[in-house]
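Heads up, the thing below is written out as structure tokens.
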Amino acid sequence: MYLIDTNIFIEIMLSRERSEECRELLSLIRDNKIKGLVTDFTIRSIMILLERFGRVKELK
314 MYLIDTNIFI EIMLSRERSE ECRELLSLIR DNKIKGLVTD FTIRSIMILL
364 ERFGRVKELK
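Just so we're aligned: 321 in this note's numbering is position 8 of the sequence shown, and the numbers increase by one with no gaps anywhere.
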């Protein structure tokens, strides 16, 4: 099982250098090929960032 850190989501949100690798990791989790865990702290951190940059609508 992999602990998915906030940085994985930040890489994707900011289209940084390793964003494609991060997308692939999340796809593996989505497709049940590997197991992943996200903490409530990570979710809250992502929410704060999205709120701060006015991107909360993207969650709906």
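Glycine included, every Cβ here is placed at the ideal spot set by N, Cα and C.
Cut-off 7 Å between Cβ atoms - residues of its own chain near residue i, not counting five sequence neighbours on either side
i, result
"G335", "For the sequence presented, residue 335 should be read as Cys rather than Gly. Once the five neighbours on either side are set aside, the close Cβ partners of C335 are I321, E324 and I325."
Beta-carbon proximity list for residue i, same chain, < 8 Å, skipping 5 on both sides
i, result
"L350", "M314, Y315, L316 and I317"
"T355", "I317, D318, T319 and F322"
Sequence-distant residues of its chain with Cβ nearer than 6 Å to residue i (five each side left out)
i, result
"I341", "Looking at the sequence itself, residue 341 is Leu, so the reference to Ile does not match. These residues qualify, in order along the chain: I347."
"S332", "E324 and I325"
"I359", "F322"
Run of the alpha helix (DSSP H) containing residue i, from where it starts to where it stops
i, result
"D344", "Neither: D344 is in no alpha helix (DSSP H) and is coded neither H nor E."
"I321", "T319 to M326"
"R377", "The question about residue 377 has no answer, for the chain in this structure spans 314 to 373."
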